[in-house]
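In my numbering, the protein residues as written are 5 to 49.
This is the structure in structure tokens:
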């Protein structure tokens, strides 16, 4: 018989994930990301 351990899955908000991977709001990395994102979005219009 196989018994699997029960682990609780932690969920994260989009804001938390953006901060984790692109930096805090106002940081150079985050500003660069936001600028690039807005550039790509404006091309879609």
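We treat Cβ as the ideally placed atom computed from N, Cα and C, and that holds for glycine.
A quick note: this is a predicted structure, and the numbers were derived from the prediction, not measured.
Alpha carbon to alpha carbon, how far is residue j from residue i? Give it in angstroms, no decimals.
i, j, result
"residue 37", "residue 16", "20 Å"
"residue 21", "residue 35", "15 Å"
"residue 27", "residue 33", "6 Å"
Could you tell me whether any non-hydrogen atom of the ligand ATP is closer than 6 Å to the CB of residue i?
i, result
"residue 38", "This structure does not include the ligand ATP; it has no bound ligands of any sort."
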